[in-house]
Each structure stands twice: as C-alpha cells, then as structure tokens.
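J.:
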Amino acid sequence: MSEVMMLIGELSHRTGVSARLLRYYEEQELLLPTRDTNGYRQYAEDAPARVERIRELLDAGLPTREIRELLPCATEDGLRPCDRSRSIVRSGLDRLDEQIADLNHKRLLLAGHAEVAR
1 MSEVMMLIGE
11 LSHRTGVSAR
21 LLRYYEEQEL
31 LLPTRDTNGY
41 RQYAEDAPAR
51 VERIRELLDA
61 GLPTREIREL
71 LPCATEDGLR
81 PCDRSRSIVR
91 SGLDRLDEQI
101 ADLNHKRLLL
111 AGHAEVAR
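Just so we're aligned: 96 in my numbering is position 96 of the sequence shown, and the numbers increase by one with no gaps anywhere.
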C-alpha cells in the first residue's frame with residue numbers, strides 16, 4: 001500500500017504555514033519532499049507533524065541549522081537522546097538565559113527612568 005502524499009497547498013492549509021515558508025524549510029533541509037513527474041512537491045502524511053515540530057523549535061529560539069540536526073532525534077513525545085541533541089538544547093537554553101538577563105537589565109534601567117519621569 002502506497003503512502004498518502006499531499007501537495008504544498010494542502011500542507012500549507014493543514015499547518016497554517018505559507019507555501020513560501022514551506023519552500024524555505026526545504027531550502028534549509030528541514031523538510032524533504034519528493035517530486036512527482038510534473039515536478040510538484042509531494043509531502044508525506046507525517047509532514048504536518050514535522051512542520052509543527054519545526055515551528056516549536058523556531059519559536060524556542062533555535063536556528064535552522066540546529067533544528068536540522070535535532071529533527072532526526074524527534075519523536076511524538078519530544079526529543080530522544082542522540083549525537084548532539086543534549087548540547088544543542090543546552091546551548092539554546094544558555095542563549096535564552098542570556099537574553100532574559102539582558103531584558104531584565106534593560107527593564108531595570110527603564111523602570112529607573114520611569115521613576116524620574118513621575
């Protein structure tokens with residue numbers, strides 16, 4: 001029995017992600033569609049779940065090059081340990097901690113100016 005495939009428009013509709021962004025994911029090797037005889041992209045049935053995982057990892061602040069390394073480690077329940085998954089996630093957490101500290105510092109500075117402006 002052959003796998004059910006979908007075109008880019010259907011994947012876009014099912015995920016709410018634009019066709020242009022799906023093509024970008026392909027350029028970044030995050031999505032790997034096959035091509036039919038007419039050259040149309042054909043996406044596997046599990047593509048919507050993969051797009052959702054990509055969006056989650058992007059929203060978490062990871063760059064596409066790191067997401068590309070993590071996707072083979074993805075399961076329905078999260079990430080399983082694999083070659084670099086732990087170091088990539090740790091690095092992402094460290095970057096977020098730095099950004100939080102920077103934002104807290106900026107907030108304190110701005111709050112000080114707000115007190116003066118009263």
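Beta carbons: idealized from backbone N, C-alpha and C, even for Gly.
Given the structure is predicted, the values throughout are model-derived calculations rather than measurements.
(1) So, under 8 Å CB-CB, C73 and S85 are touching, yes? Tell me the CB distance rounded to an integer number of Å.
(2) Using the beta-carbon count (16 or more within 10 Å), is L93 buried or exposed?
(3) Can you tell me whether DSSP reads R41 as helix, strand or coil?
(4) Return the chain-ordered list of same chain residues with a C-beta closer than 6 Å to the C-beta of E53, the five sequence neighbours on each side being excluded.
(5) In or out: M1 buried (at least 16 other Cβ within 10 Å) or exposed?
(6) Taking the C-alpha atoms as reference points, what is the distance between L103 and H113?
(7) Does the count of Cβ pairs from the segment 46-65 and the segment 18-31 closer than 8 Å reach three?
T.: The structure says:
(1) In the sequence shown, the residue the question calls residue 73 occupies position 73. In the sequence shown, the residue the question calls residue 85 occupies position 85. Going by Cβ atoms, the distance from C73 to S85 rounds to 4 Å, so yes, they are a contact pair.
(2) Here residue 93 refers to the residue found at position 93 of the sequence shown. Result: exposed.
(3) What you label residue 41 is simply residue 41 of the sequence shown in a count that begins at 1. R41: strand per DSSP, three-state reduction.
(4) Numbered from 1 along the sequence shown, position 53 holds the residue referred to as residue 53. The residue you asked about is not Glu; residue 53 is Arg in the sequence shown. Only A74 meet the Cβ criterion.
(5) Within the sequence shown, the letter at position 1 stands for residue 1. Annotation note: pLDDT 47 at M1 (below 50); position unreliable, coordinate value reported separately. By the neighbour-count rule (16 or more Cβ atoms within 10 Å), M1 is not buried but exposed.
(6) Against the sequence shown, residue 103 aligns to sequence position 103. Against the sequence shown, residue 113 aligns to sequence position 113. In a straight line, the C-alpha of L103 is about 15 Å away from that of H113.
(7) The segment 46-65 is in contact with the segment 18-31.
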